[in-house]
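Asker: Got a structure for you, questions after.
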Amino acid sequence: MNIRPRRNRKSAAVRNMVQETRLSVDNLVFPLFLEDGQHIKTAIPSLPGIFRFSLDQLLLEIESCVELGIHSFILFPKIKDELKDATGTYGINPDNYYLQAARTIKKQFPQITLMSDVALDPYNIHGHDGIVKDGKILNDETIAVLTQMSVLQAEAGFDYLGPSDMMDGRVEAIRQALDENHYTDTGIISYTAKYASAFYGPFRDALDSSPVDLKDIPKDKKTYQMNPSNRKEALLEGELDFAEGADILMVKPALNYLDIISDLKQHFPLPIAAYHVSGECAMLMAACQNGWLDYKTAMPETLNCIHRAGADIILTYFAKDYAKMQRGLSIG
Ligand code: PBG
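Using the numbering used here, the letters of the sequence shown map in sequence onto residues 714 to 1045.
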């Protein structure tokens, strides 16, 4: 035998030397859930180890992450029911607590990369990412609100805005609005290929943002999020976001969509992000809590494989544990 692939696997030193990809904590983005109030740290039952924080507690959380080498965060707000309305107006209130929190965070941690969520679902009563009329999620009317939201978020100091709404044409509209307001340095991490997935459940629990069961309100997001059976269509979305001025293209979820991550990585000269979503993390945690899988090996394998498929950036609830493991600290 001339070719014996096992030679390159014979010791840890050899395996490390020939390792093709290496996931660094620098590539990770840690999602943070924010709630208005003080001294709040609420566990999210369907996402063990992840909490919803009031700002005072969130600042401590960010500090502990920064000490572990995590420098990128994406912030999601839970909005009180009494502040929600049919069109999500609280989202474009310049003094809303989400924008205030961003200002405080960036003031205290100017060196971190802070990403936002641009969508209406946390702010409206029906849980949709856009404005709903006669049972339809309106595209262009939604964009008009999203551009306002984007300018406010840029003003608050977010480094990247994350349109997660999947309306057509929103990246171009947001880019234009940002530039007109001189926020030329604020980036757009676009949810380019966001699928109508069953794996967002724990996130919607965390934010109480599930589409509600009301007459004339669609109960799912299938008229704007992509069909999980489609692959080519992700390239179309990629072409649009690339042409419209996105800085980073995102695929969401990650694990069932590794082919999409790989496609976008090959086709576009932009960084590719993957959102390893709440349900994907919950699934693995549940198996580990049952003793059916070993967290210390299954978790890093999962993240490394998303990276190998082509994700330069991974948004994951495991960021903190991965960072601890990289430093040889104990987890769990
Ligand atoms: C909504 C949004 C969702 C997630 C991020 N932004 C949920 C949805 O589209 O219903 C899901 C993230 C996760 O599950 O971890 N704008």
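Glycine is no exception: its CB is placed at the ideal position from the N, C-alpha and C atoms.
Could you check whether the Cβ of Ala815 sits closer than 8 Å to any heavy atom belonging to the ligand PBG?
Answerer: Numbered from 1 along the sequence shown, position 102 holds the residue referred to as residue 815. Incorrect: Ala815 has no Cβ contact closer than 8 Å to the ligand PBG.
Asker: I believe Ile961 touches Gly900 by the beta-carbon criterion, under 8 Å. Please report the beta-carbon distance rounded to the nearest angstrom.
Answerer: For this step, residue 961 is matched to residue 248 along the sequence shown. For this step, residue 900 is matched to residue 187 along the sequence shown. Contact holds; Cβ gap of about 7 Å.
Asker: Verify the contact flag: Phe703, CB atom, against every heavy atom of the ligand PBG, threshold strictly below 8 Å.
Answerer: This structure does not reach residue 703, given that the chain is present from 714 up to 1045, and the question cannot be answered.
Asker: Looking at the structure shown, is Ser737 part of a helix, part of a strand, or coil, going by DSSP?
Answerer: For this step, residue 737 is matched to residue 24 along the sequence shown. Ser737 falls in the coil class under three-state DSSP.
Asker: What is the rounded straight-line gap between the Cα of Gly762 and the Cα of Ile974?
Answerer: For this step, residue 762 is matched to residue 49 along the sequence shown. For this step, residue 974 is matched to residue 261 along the sequence shown. Those two C-alpha atoms are separated by around 27 Å.
Asker: Counting only the same chain and skipping the five closest in sequence on each side, list residues whose C-beta sits under 8 Å from that of Asp830.
Answerer: By one-based count along the sequence shown, residue 830 stands at place 117. Same-chain partners within the cutoff: Ile787, Leu788, Phe789, Pro790, Gly875, Ser877.
Asker: Under 9 Å between the Cβ atoms of Ile1026 and Ala999?
Answerer: Here residue 1026 corresponds to residue number 313 of the sequence shown, with the count starting at 1. Here residue 999 corresponds to residue number 286 of the sequence shown, with the count starting at 1. Result no, Cβ atoms of Ile1026 and Ala999 do not sit closer than 9 Å.
Asker: Helix, strand or coil for Ala832 per DSSP?
Answerer: Taking the first residue of the sequence shown as 1, we reach residue 832 at position 119. In the structure shown, Ala832 sits in coil (DSSP, three-state: anything other than H, G, I, E or B).
Asker: At a cut-off of 8 Å, would you count Ser759 as near the ligand PBG, judging by its Cβ distance to the nearest heavy atom?
Answerer: In the sequence shown, counting from the first residue as 1, residue 759 sits at position 46. Answer for Ser759: no, Cβ out of range of the ligand PBG.
Asker: I need the residues with a C-beta less than 5 Å from some heavy atom of the ligand PBG; please give them in chain order.
Answerer: Here the list is Ala832, Asp834, Ser877, Tyr913, Phe916, Val990, Ser991.
Asker: Using DSSP with H/G/I as helix, E/B as strand and the rest coil, what is His752?
Answerer: Position 39 of the sequence shown holds residue 752. Coil, per DSSP.
Asker: Relative to the alpha-carbon of Val858, which residue among Gly801, Arg735, Glu893 has its alpha-carbon at the smallest distance?
Answerer: As a working mapping, residue 858 is identified with position 145 in the sequence shown. Closest by alpha carbon: Gly801.
Asker: Quick check: the Cα distance between Asp898 and Ala726, rounded to an integer number of angstroms?
Answerer: As a position in the sequence shown, residue 898 is number 185, starting the count at 1. As a position in the sequence shown, residue 726 is number 13, starting the count at 1. Rounded to the nearest angstrom, the two C-alpha atoms are 42 Å apart.
Asker: Going by the CB atoms, is the gap between Lys907 and Met963 shorter than 9 Å?
Answerer: For the purposes of this step, residue 963 is taken as the residue at position 250 of the sequence shown. For the purposes of this step, residue 907 is taken as the residue at position 194 of the sequence shown. Their beta carbons are under 9 Å apart, which means Met963 touches Lys907 by this criterion.
Asker: Identify every residue that forms a DSSP beta bridge with His989.
Answerer: Stepping through the sequence shown from its first residue, residue 989 is reached at position 276. Paired residues: Thr1029.
Asker: By Cβ distance, which residues of its chain are closer than 6 Å to Ala832, with the 5 residues on each side in sequence left out?
Answerer: Position 119 of the sequence shown, counted from the start, is the residue given in the question as residue 832. Around Ala832: Asp842, Ser877, Asp878.
Asker: Measuring only the C-alpha atoms, how far is His839 from Gly804?
Answerer: Position 126 of the sequence shown, counting from 1, holds the residue named residue 839. Position 91 of the sequence shown, counting from 1, holds the residue named residue 804. When rounded, the distance between both Cα atoms is 14 Å.
Asker: Does the distance from the CB of Val698 to the CB of Leu953 come in under 9 Å?
Answerer: Residue 698 lies beyond the range of the chain shown here (714 to 1045); nothing can be said about it.
Asker: Based on Cα-Cα distance, which residue from Lys928, Tyr913, Thr734 lies nearest to Leu968?
Answerer: On the sequence shown, residue 968 is found 255 positions in, with the first residue counted as 1. Of the candidates Lys928, Tyr913, Thr734, the one whose C-alpha sits nearest the C-alpha of Leu968 is Tyr913.
Asker: Does any CB atom of chain B fall closer than 9 Å to the CB of Gln821?
Answerer: No chain B is part of this structure, which consists of one protein chain only.
Asker: Where Arg722 and Ala947 are concerned, what is the direct C-alpha to C-alpha distance, given to the nearest angstrom?
Answerer: If you number the sequence shown from 1, residue 722 lands on position 9. If you number the sequence shown from 1, residue 947 lands on position 234. If I take the Cα positions, the gap works out to 36 Å.
Asker: Between the C-alpha atoms of Phe955 and Met714, what's the straight-line distance to the nearest angstrom?
Answerer: For the purposes of this step, residue 955 is identified with residue 242 of the sequence shown, where counting begins at 1. For the purposes of this step, residue 714 is identified with residue 1 of the sequence shown, where counting begins at 1. When rounded, the distance between both Cα atoms is 48 Å.
Asker: Identify the continuous beta strand (DSSP E) that holds Ser785 and give its terminal residues.
Answerer: Your numbering for residue 785 matches position 72 in the sequence shown. Per DSSP, Ser785 belongs to the beta strand (DSSP E) from 785-791.
Asker: Which partner residues of Met963 appear in the DSSP bridge assignment?
Answerer: By one-based count along the sequence shown, residue 963 stands at place 250. For Met963, which the question treats as bridged, DSSP gives the partners Tyr904, Ala986.
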